[in-house]
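Trainee:
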């Protein structure tokens with residue numbers, strides 16, 4: 001479809017305005033993390049690294065950062081295992097209720113976070129009688145993080161030919177040997193992309209975390225919420241928010257690059273086969 005010059009100009013203006021609306025507040029957070037004015041006057045009277053130093057010296061920030069990294073890493077590992085197994089089962093095998101299970105797997109990421117949080121809180125405290133802790137946060141995050149792994153793996157499996165797996169089975173290889181030598185090498189980039197997205201999703205999650213975390217525990221988003229309206233902590237909150245932005249953006253950018261590379265490799269293989 002060819003657009004007229006006026007349509008291209010209008011589309012460019014609208015796109016620019018949308019991006020400015022989305023990213024200007026983020027840029028303001030970054031600038032304020034260096035703003036020498038504690039009240040965040042604009043334009044900044046000067047720039048300083050004092051708030052970054054205070055953030056590094058804050059035991060609460062360090063503890064929250066370590067907790068967030070641990071929760072994100074643990075939930076990502078669980079998501080990788082469950083998401084991969086579910087994708088293989090739903091795509092490689094036919095059984096009664098397969099479509100229903102597929103819907104149930106994807107549903108957690110579509111539900112409002114507050115609904116998921118309340119439901120999991122009731123399950124942990126009322127039904128199971130488990131005390132809330134970082135482990136309950138890990139389990140809660142895994143319920144929706146595994147959807148990103150599931151979607152990446154099942155998309156890759158649909159582009160893969162089952163001929164190599166069948167040939168491996170015909171040559172006498174078992175299920176695990178076939179997966180290790182044939183299936184897994186073709187899934188590695190999809191698993192890495194799904195794992196990065198799951199890590200980013202878990203690292204900055206706050207709603208479900210609020211309902212499933214223990215009283216003495218904290219994560220980086222929870223720390224920000226608790227200190228957001230404290231005047232003495234406001235500059236440090238901006239620094240922590242910048243760290244949260246960076247740690248969230250990097251995995252998403254890497255996952256996007258991996259997805260683009262895998263699509264390019266797939267297209268090259270198709271062209272080579274046709275040629």
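Residue numbers (UniProt numbering): 1 to 275.
The C-beta atom is built at its ideal place from N, Cα and C for all residues, glycine as well.
Predicted, not measured: the structure shown is a model, and the values here were computed from it.
Are the beta-carbon atoms of residue 200 and residue 139 separated by less than 8 angstroms?
Mentor: Contact flag unset, no.
Trainee: For the alpha helix (DSSP H) that contains residue 42, what are its first and last residues?
Mentor: Residue 42 -> no alpha helix (DSSP H), and no H or E assigned at all.
Trainee: Are the stretch 153–165 and the stretch 174–193 in contact at 8 angstroms, needing three or more beta carbon pairs?
Mentor: A contact exists between the stretch 153–165 and the stretch 174–193.
Trainee: Compute the distance between the beta-carbons of residue 207 and residue 117, then report whether it is under 8 angstroms.
Mentor: Yes, the Cβ-Cβ distance between residue 207 and residue 117 is below 8 angstroms.
Trainee: Leaving out five residues on either side along the sequence, give the residues of the same chain with a beta carbon under 8 angstroms from the beta carbon of residue 102.
Mentor: Result list for residue 102: 90, in chain order.
Trainee: According to DSSP, what are the bridge partners of residue 232?
Mentor: DSSP lists no partner for residue 232.
Trainee: Find the nearest neighbour of residue 73 within the set 257, 247, 47 and 33, judged by alpha-carbon distance.
Mentor: When each option's Cα is compared against that of residue 73, the closest is 247.
Trainee: Curious, which full-length alpha helix (DSSP H) runs of at least 4 residues does the stretch 177–228 contain?
Mentor: List check, alpha helix (DSSP H) in window: 184–203, 207–212 and 220–227.
Trainee: Pull up the distance between the alpha-carbon of residue 35 and that of residue 55, whole angstroms please.
Mentor: Taking the straight line from one Cα to the other gives about 14 angstroms.
Trainee: Following the continuous alpha helix (DSSP H) through residue 93, name the residue where it begins and the one where it ends.
Mentor: Residue 93 -> no alpha helix (DSSP H), and no H or E assigned at all.
Trainee: How many Å lie between residue 211 and residue 181 at the Cα?
Mentor: Approximately 42 angstroms between the Cα atoms of the pair.
Trainee: Alpha carbon to alpha carbon, how far is residue 132 from residue 100? Give it in angstroms, no decimals.
Mentor: Distance between the alpha carbons of residue 100 and residue 132: 31 angstroms.
Trainee: For residue 51, count neighbouring Cβ atoms within 10 angstroms of its own Cβ and tell me buried if that reaches 16, exposed if not.
Mentor: Buried, by the Cβ-count rule.
Trainee: Might you give, ordered along the chain, the residues of its own chain that have their beta carbon closer than 6 angstroms to the beta carbon of residue 146, omitting 5 neighbours on each side?
Mentor: Contacts found: 79, 82 and 83.
Trainee: Determine the closest residue to residue 114 out of 144, 86, 88 and 85, with distance taken between C-alpha atoms.
Mentor: If we check each option's Cα against that of residue 114, 144 comes out closest.
Trainee: Can you round the beta-carbon distance between residue 29 and residue 241 to whole angstroms, since I take them to be within the 8 angstroms contact cut?
Mentor: Residue 29 to residue 241, Cβ: 5 angstroms. Contact.
Trainee: Just the Cα atoms here: how many angstroms apart are residue 93 and residue 10?
Mentor: Straight-line Cα distance between these residues: approximately 49 angstroms.
Trainee: Can you give, in chain order, each stretch of the beta strand (DSSP E) that sits fully within the stretch 138–162 and has at least 3 residues?
Mentor: List check, beta strand (DSSP E) in window: nothing returned.
Trainee: Whose CA, out of 12, 87, 105 and 71, lies closest to the CA of residue 156?
Mentor: When each option's Cα is compared against that of residue 156, the closest is 87.
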